[in-house]
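**Q** Numbering (the numbering used here), first residue to last: 1 to 671.
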Amino acid sequence: MKRIAAFSLSIIIALSAVVTGCSKGAERGSDRATDDVTAGSVMNSETGTDATSTSKGSVISIPSGNTKKEVVITETAATDPVMTDPTLEWQYDLSFPEWQDRSMYGANNRLGFYGYSGQGTIYVTLSDDAGDFNLYINDMRMDTSSMTPGKTYTMDIAGIARNGRNSLQLSDLTEGNVQVKIPYPIVIDGTIADVGIQEGAIELIDAIISSDIEYGFPSAQVAVIKDGRLVYENSWGNVRTYDDYGEPVDAPPVTSDTLYDIASVTKVYSVNFAVQYLVTQGLLDLDTKIVDILGTGFSEDTVDIEYKGFTHIPISQNKEWKAQLTVRDLLRHQGGFPAGPLYYDDRYNNSLQDISSHDCNSFYVGTDADAAAREKTMQMIFKTPLLYEPRSKVLYSDLDFMILCFCVEKITGKGLDQYLEEVFWEPLGLTHITYKPLENGFSKDDCAATELLHEQTDINRKYWGQRTTTIQGEVHDPNSYYSMAGVSGHAGLFANATDLAILGSVMLTGGYGNHRFFSQNVIDEFTAIQNEDFPGYALGWWREGDHTRDYYFGSVMDSKAFGHQGFTGTLVVIDPENNMVMVILTNKLHTKVEYGDFAGKSFQTSWLGFVPQILEIGLQGEEVDPGIWASMAGDMAAVAKRTIDDKEIKDHEHPLWKAYESLLEAQRKVS
């Protein structure tokens with residue numbers, strides 16, 4: 001039904017394959033041990049055969065009300081990769097009875113692990129001298145009577161697994177030891193009914209986006225993962241809607257495989273993922289100074305510039321502050337740098353932080369967009385002085401993540417794109433995420449187009465070597481394209497919504513199948529509030545906090561939710577409270593500039609946050625009155641109409657009028 005990425009053999013073996021045995025009407029996500037799961041056939045994860053038919057297997061049926069839950073136990077062959085492959089990584093790999101080497105009985109004999117209903121495998125290996133023992137999964141006793149010392153057994157726990165925290169307890173072991181290996185959960189196919197999302201929520205999302213497409217919005221793509229299931233993916237519009245001058249054109253439709261330029265969402269999926277992995281592996285400390293990674297030139301090469309409107313920092317002080325900057329400072333956007341000097345623009349005035357027709361850019365790199373330009377960009381970053389005292393405030397800066405990109409490359413000895421592919425994309429089997437798609441097997445028609453005539457928002461903003469045709473398959477961000485040759489930590493990634501959602505799911509669990517990426521401590525640290533004065537920022541990630549990101553995350557989102565937004569019209573929201581990942585990709589810039597801004601930015605779809613808002617309400621299930629969806633569309637239309645009235649717009653061809661009429665149409669669709 002839905003396309004799930006192809007996984008390596010080691011991951012496939014770690015899965016539990018559930019066929020029709022788990023009722024789609026069964027309740028999901030409960031923490032109670034009495035959840036009903038319909039008894040049925042469970043397929044063996046290696047052979048694809050009914051596990052109940054093997055002579056070496058047993059099925060434990062656990063009564064629960066009027067239904068039964070099943071756990072399938074089969075002996076694992078000695079040649080199985082789980083026994084022989086040393087590269088496999090685990091959520092837990094430990095030995096009882098004293099896995100923590102502590103005297104406290106409860107800590108030594110019990111642990112919690114992450115899992116999802118409908119999937120889950122545990123490997124149990126008995127030592128040659130192992131005696132009798134009792135094994136409990138989610139407080140249900142397993143039948144271990146057929147287990148023989150010196151053997152390994154595969155336990156398919158899909159029928160009793162819970163969404164979120166699960167438990168394992170091994171007690172009463174008379175002698176020897178028992179080794180337990182638990183893979184990470186993965187993403188499997190599912191439906192919105194499986195996870196309790198009301199269909200009306202999906203219908204409203206579709207009504208809003210499809211109506212916007214009818215009224216001129218270019219395209220969109222959405223993917224939703226909840227409780228380890230890909231429950232929704234959809235796409236609207238065409239890969240290119242307009243020609244260079246804004247006239248409609250015929251083009252292939254957007255599919256779930258279409259790549260989008262994800263702009264600043266790149267920050268969390270590139271630099272953040274890389275740094276989190278390096279910290280987990282013990283290869284990087286967040287308080288490492290940038291000069292200790294990139295060299296003393298990072299501070300010593302700094303030149304003196306007086307930024308207009310800011311207190312001048314003497315060059316000696318500037319160098320001293322730069323020398324003290326850490327990886328943590330840049331992840332927090334508190335490094336003191338300006339938002340993003342235009343290293344590619346020959347007319348950019350660094351003092352004014354604006355275009356000047358009379359001055360030359362003292363940090364000019366050029367527009368060759370090659371390796372030499374990238375190297376020169378690092379030299380210009382070394383020269384760039386700080387704008388304000390580090391840690392004194394937050395100033396969201398692309399420059400922070402350009403620097404961190406160079407740091408990751410210096411530490412790993414590999415290009416950022418190569419490192420991400422080797423560490424994340426290939427192990428997960430992700431095939432629709434890349435930098436520079438036109439150089440990596442994709443065509444223009446595989447990518448949603450962005451801006452029509454580049455930098456058309458300001459006819460005076462012209463620079464040497466500027467692109468002058470519709471951008472499609474090339475990164476929109478000029479610093480990424482020209483200064484960083486298409487590979488940067490602040491922008492440059494292309495992906496489809498599904499691959500981003502699968503990657504995002506790793507932030508809920510720390511791993512995937514037999515691949516461990518992040519420790520729980522690292523996830524907690526990177527998504528936690530860093531400064532009470534700036535509650536919307538974590539380390540690289542944006543946080544919902546106390547309604548600090550409602551315009552993207554929605555006003556009913558849990559405060560612990562995190563994610564990021566991108567300038568081209570992209571958004572990822574991860575909700576740990578509900579085990580949910582939401583990805584919304586658009587190309588809102590692929591429209592004419594009318595009345596001083598991109599027409600696409602007038603439409604509801606461009607605001608992105610309505611998707612997580614509607615989905616969170618849809619999780620209330622039967623408690624949601626069906627009339628709420630039409631009311632929500634009506635409320636959005638009312639806001640659009642007030643905007644029109646406030647601006648005294650009379651022209652019904654104005655983008656805001658079209659956006660308003662689109663919302664009225666969406667309301668009719670769901671009424």
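Just so it is clear, CB atoms sit at the ideal spot from N, CA and C, and this is done for glycine as well.
1. Using DSSP bridges, identify the partner residues of Y512.
2. Which term fits D194, buried or exposed, when burial requires 16 or more other beta carbons within 10 angstroms of its beta carbon?
3. Got a sec, what are the start and stop residues for the alpha helix (DSSP H) T568 sits in?
4. Thinking C-beta only, is A274 closer than 8 Å to S299?
5. Let me make sure I understand the geometry here. Which of E89, E594, V583, Y136 has the alpha-carbon closest to that of L230?
6. Using the three-state DSSP reduction, which class does E503 fall into: helix, strand or coil?
7. What runs of the alpha helix (DSSP H), each 4 residues or longer, lie entirely inside the stretch 149–236?
8. From which residue to which residue does the alpha helix (DSSP H) around N521 run?
9. If you compare alpha carbons, which of R549, Q667, Q620, T470 is closest to G246?
10. Considering Cα atoms alone, identify which of N496, L94, G569, I290 is closest to V408.
11. Span of the alpha helix (DSSP H) holding Y660?
12. Taking all protein chains shown into account, decide if A51 is buried (16 or more other Cβ within 10 angstroms of its Cβ) or exposed.
13. Are the CB atoms of G120 and A161 nearer to each other than 8 Å?
14. Quick one: what's I574 bridged to in DSSP?
15. Is the stretch 161–170 in contact with the stretch 129–148, if contact means three or more CB pairs nearer than 8 Å?
16. On a CA-only basis, which of R328, V327, T326, D301 is nearest S316? Give me that one, please.
17. In chain order, what are the residue ranges of uninterrupted alpha helix (DSSP H) at least 4 long that sit wholly in the stretch 326–373?
18. State yes or no: is the C-beta of P437 within less than 8 Å of the C-beta of G473?
19. Kindly indicate which three-state DSSP category F598 falls into: helix, strand or coil?
20. How many angstroms separate the CA atom of A659 from the CA atom of S219?
21. Can you confirm whether the stretch 263–272 touches the stretch 390–409 when touching is taken to mean that 3 or more C-beta pairs between the two stretches lie within less than 8 Å?
22. If I measure Cβ to Cβ from N234 and keep anything under 6 Å in the same chain, skipping five residues before and after, which residues do I get?
23. At what residues does the beta strand (DSSP E) containing R141 begin and finish?
24. Pairing CB atoms from the stretch 252–269 with CB atoms from the stretch 490–500, are three or more of them under 8 Å?
25. From what residue to what residue does the alpha helix (DSSP H) around A638 run?
26. In chain order, which continuous runs of the alpha helix (DSSP H) of length 4 or greater are located wholly inside the stretch 297–325?
27. Helix, strand or coil: which one does DSSP assign to A538?
28. In terms of residue numbering, what span does the alpha helix (DSSP H) encompassing E274 cover?
29. Taking only runs that begin and end inside the stretch 382–441, name each unbroken beta strand (DSSP E) of 3 or more residues, in chain order.
30. Along the chain, where does the beta strand (DSSP E) that runs through L126 open and close?
31. Pull the bridge partners of R110 from the DSSP assignment, please.
32. In whole angstroms, what separates the C-alpha of S671 from that of A633?
33. For R549 and R328, what's the separation of their Cα atoms in angstroms?
34. Quick check: the Cα distance between G540 and T148, rounded to an integer number of angstroms?
35. Measure how close the beta-carbons of I411 and L278 come, nearest whole angstrom, since I'm counting them as under 8 Å.
**A** Let's see:
1. Against the sequence shown, residue 512 aligns to sequence position 512. Its beta-bridge partners are H515.
2. In the sequence shown, counting from the first residue as 1, residue 194 sits at position 194. By the C-beta density criterion, D194 is buried, having at least 16 other C-beta atoms within 10 angstroms.
3. As a position in the sequence shown, residue 568 is number 568, starting the count at 1. Premise fails: T568 is in no alpha helix (DSSP H) and is neither H nor E.
4. Sequence index remark: in the sequence shown, residue 299 carries index 299 (1-based). Sequence index remark: in the sequence shown, residue 274 carries index 274 (1-based). Against a cut-off of 8 Å, the Cβ pair of A274 and S299 comes out as no contact.
5. Locating residue 230 in the sequence shown gives position 230, where the first residue counts as 1. That would be V583, whose Cα lies nearest to the Cα of L230.
6. To locate residue 503, count along the sequence shown from 1; it is residue 503. Reading the sequence as shown, one finds Leu at residue 503 and not Glu. If DSSP states are grouped into helix, strand and coil, L503 belongs with the helices.
7. 192–195, 199–214
8. By 1-based counting over the sequence shown, the position of residue 521 is 521. 520–527 is the span of the alpha helix (DSSP H), which, as asked, contains N521.
9. Position 246 of the sequence shown holds residue 246. Ranking R549, Q667, Q620, T470 by Cα distance to G246 puts T470 first.
10. Mapped onto the sequence shown, residue 408 falls at position 408. Among N496, L94, G569, I290, the Cα nearest to that of V408 belongs to I290.
11. Start at 1 with the first residue of the sequence shown, and residue 660 comes out as number 660. Looking at the DSSP string, the run of the alpha helix (DSSP H) that includes Y660 is 655–670.
12. Within the sequence shown, numbered from 1, the residue matching residue 51 stands at position 51. Because the pLDDT of A51 is 34, which lies under 50, any placement of that residue in the model is unreliable, and the question is left without a value.
13. As a first step, residue 120 must be located in the sequence shown, where it is residue number 120. As a first step, residue 161 must be located in the sequence shown, where it is residue number 161. Between G120 and A161, the CB-CB gap stays under 8 Å.
14. As a first step, residue 574 must be located in the sequence shown, where it is residue number 574. I574 is bridged to F562, V581.
15. yes
16. Residue 316 sits at position 316 when you count from the first residue of the sequence shown. When only C-alpha atoms are compared, the closest one is D301.
17. 327–331
18. Position 437 of the sequence shown, counting from 1, holds the residue named residue 437. Position 473 of the sequence shown, counting from 1, holds the residue named residue 473. Yes; because the gap between Cβ atoms is below 8 Å, this pair is in contact.
19. Along the sequence shown, read from residue 1 onward, the residue named residue 598 stands at position 598. Of the three classes helix, strand and coil, the one that applies to F598 here is strand, per DSSP.
20. Position 659 of the sequence shown holds residue 659. Position 219 of the sequence shown holds residue 219. For A659 and S219, the distance between alpha carbons rounds to 14 Å.
21. yes
22. Taking the sequence shown and counting its residues from 1, the one referred to as residue 234 is at position 234. Cβ neighbours of N234 beyond the five flanking positions: V222.
23. Position 141 of the sequence shown, counting from 1, holds the residue named residue 141. Start and end: 140–142.
24. yes
25. Residue 638 sits at position 638 when you count from the first residue of the sequence shown. Here the alpha helix (DSSP H) through A638 covers 628–646.
26. 297–300, 315–324
27. As a first step, residue 538 is located in the sequence shown; it is residue number 538 there, counting from the start. The answer is coil: DSSP assigns A538 none of H, G, I, E or B.
28. Counted from its first residue, the sequence shown places residue 274 at position 274. The identity of residue 274 in the sequence shown is Ala, whereas the question assumes Glu. That run of the alpha helix (DSSP H) goes 273–280.
29. Within the stretch 382–441, the runs of beta strand (DSSP E) that reach at least 3 residues and sit entirely inside it are, in chain order, 433–435.
30. Position 126 of the sequence shown, counting from 1, holds the residue named residue 126. Note, L126: beta strand (DSSP E), 121–126.
31. Taking the first residue of the sequence shown as 1, we reach residue 110 at position 110. Answer is Q169.
32. Numbered from its first residue, the sequence shown carries residue 671 at position 671. Numbered from its first residue, the sequence shown carries residue 633 at position 633. Each residue's Cα considered, the two are about 9 Å apart.
33. Taking the sequence shown and counting its residues from 1, one reaches residue 549 at position 549. Taking the sequence shown and counting its residues from 1, one reaches residue 328 at position 328. In a straight line, the C-alpha of R549 is about 22 Å away from that of R328.
34. For the purposes of this step, residue 540 is identified with residue 540 of the sequence shown, where counting begins at 1. For the purposes of this step, residue 148 is identified with residue 148 of the sequence shown, where counting begins at 1. Distance between the alpha carbons of G540 and T148: 49 Å.
35. For the purposes of this step, residue 411 is identified with residue 411 of the sequence shown, where counting begins at 1. For the purposes of this step, residue 278 is identified with residue 278 of the sequence shown, where counting begins at 1. I411 to L278, Cβ: 6 Å. Contact.
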